[in-house]
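One structure is given here, and the rest of the page talks about it.
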Amino acid sequence: TEPRFFDGSLSDVRAVRQRVSVPVLRRDVLVHPAQVLESRAEGADAVVLVPAVLSISELETMVGLAGELGMAAVAQVHSTSELERALECEAPVVLLNARDPETLEVRWEEALGVARSQAEGIILVLEGGIQSCSQVLAAGQAGAKAVLVGTALMRSDPEESLRRLVGD
């Protein structure tokens with residue numbers, strides 16, 4: 026929903042909510058509990074929280090608030106230390122991004138190593154540079170319950186990209 030770099034807005038959440046019956050995720054850098062409340066008010070079922078920009082106290086508050094509102098808190102992490110913070114705050118879903126947040130370079134093997142270190146009992150989603158069936162399988166073998174694919178579908182023929190992802 027970030028307007029400057031991603032041309033998004035909170036009204037996008039509302040518009041999507043009005044058109045679909047599946048869960049809606051607000052992906053942004055939320056820094057205050059009021060943003061969790063506004064996310065729910067606009068129809069989001071889940072919010073992405075970034076442990077790297079929140080204190081443990083802020084993260085615990087926002088994860089707890091999301092739970093109280095019947096929302097899923099998804100902690101987006103890039104490293105083992107960020108994963109540990111997310112687990113400390115009992116985030117039920119962890120989104121492990123293989124892209125370096127500063128260079129956007131994909132560090133696939135490093136992300137798989139972080140995934141292998143994850144604790145049992147969480148839902149781990151792996152994202153960043155996923156373009157092939159072998160990567161999807163490797164993510165699963167490392168403990169990911171799901172993958173998030175964006176660029177591969179947006180920058181090429183979606184049908185062909187999907188074929189590569191499922192190994193057809």
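Here the sequence shown is numbered in the numbering used here, starting from 26 and rising by one per residue.
Positions of the beta carbon are idealized from the N, C-alpha and C atoms, including for glycine.
Review point. Is V56 helix, strand or coil when you go by DSSP?
Key: On the sequence shown, position 31 is the one that residue 56 refers to. Coil.
Check your understanding: Which class does L108 belong to by DSSP, given the choice of helix, strand or coil?
Key -> To locate residue 108, count along the sequence shown from 1; it is residue 83. In the structure shown, L108 sits in a helix (DSSP, three-state: H, G or I).
Exercise for review: Look at V172 and A164 and say whether their C-beta atoms are less than 8 Å apart.
Suggested key: Along the sequence shown, read from residue 1 onward, the residue named residue 172 stands at position 147. Along the sequence shown, read from residue 1 onward, the residue named residue 164 stands at position 139. In this structure, A164 lies closer than 8 Å to V172 by Cβ.
Exercise for review: Please list, in chain order, all residues of the same chain as V99 whose beta carbon is under 6 Å from its beta carbon, the five residues on each side excluded.
Suggested key: Looking up residue 99 in the sequence shown gives position 74. Cβ neighbours of V99 beyond the five flanking positions: A71, V73, V118, L120.
Practice item. Please report the Cβ distance between L112 and A136, rounded to the nearest whole angstrom; I am assuming they are in contact, meaning their Cβ atoms lie under 8 Å. Key: Residue 112 sits at position 87 when you count from the first residue of the sequence shown. Residue 136 sits at position 111 when you count from the first residue of the sequence shown. L112 to A136, Cβ: 16 Å. No contact.
Review point. Could you give the distance in angstroms between the alpha-carbon of V131 and the alpha-carbon of V88?
Key: Position 106 of the sequence shown, counting from 1, holds the residue named residue 131. Position 63 of the sequence shown, counting from 1, holds the residue named residue 88. If I take the Cα positions, the gap works out to 28 Å.
Exercise for review: For my contact list, A167 and A123 are in at a C-beta cut-off of 8 Å; report their separation, rounded to the angstrom.
Suggested key: Position 142 of the sequence shown, counted from the start, is the residue given in the question as residue 167. Position 98 of the sequence shown, counted from the start, is the residue given in the question as residue 123. Not quite, the Cβ-Cβ distance comes to about 11 Å (not below 8 Å), so this is no contact.
Check your understanding: Comparing alpha-carbon positions, which option in L94, R42, A77 lies nearest L62?
Key -> The sequence position of residue 62 within the sequence shown is 37, counting from 1. It is L94 whose Cα lies nearest to the Cα of L62.
Review point. To the nearest whole angstrom, what separates the beta carbons of Q143 and L149, a pair I think is in contact under 8 Å?
Key: Taking the sequence shown and counting its residues from 1, one reaches residue 143 at position 118. Taking the sequence shown and counting its residues from 1, one reaches residue 149 at position 124. About 5 Å; that satisfies the 8 Å criterion.
Check your understanding: By Cβ distance, which residues of its chain are closer than 8 Å to M96, with the 5 residues on each side in sequence left out?
Key -> Position 71 of the sequence shown holds residue 96. In the same chain as M96, and ignoring 5 residues on each side of it, the C-beta atoms closer than 8 Å to its own belong to V61, S64, R65, A69, D70, A71, V72, in chain order.
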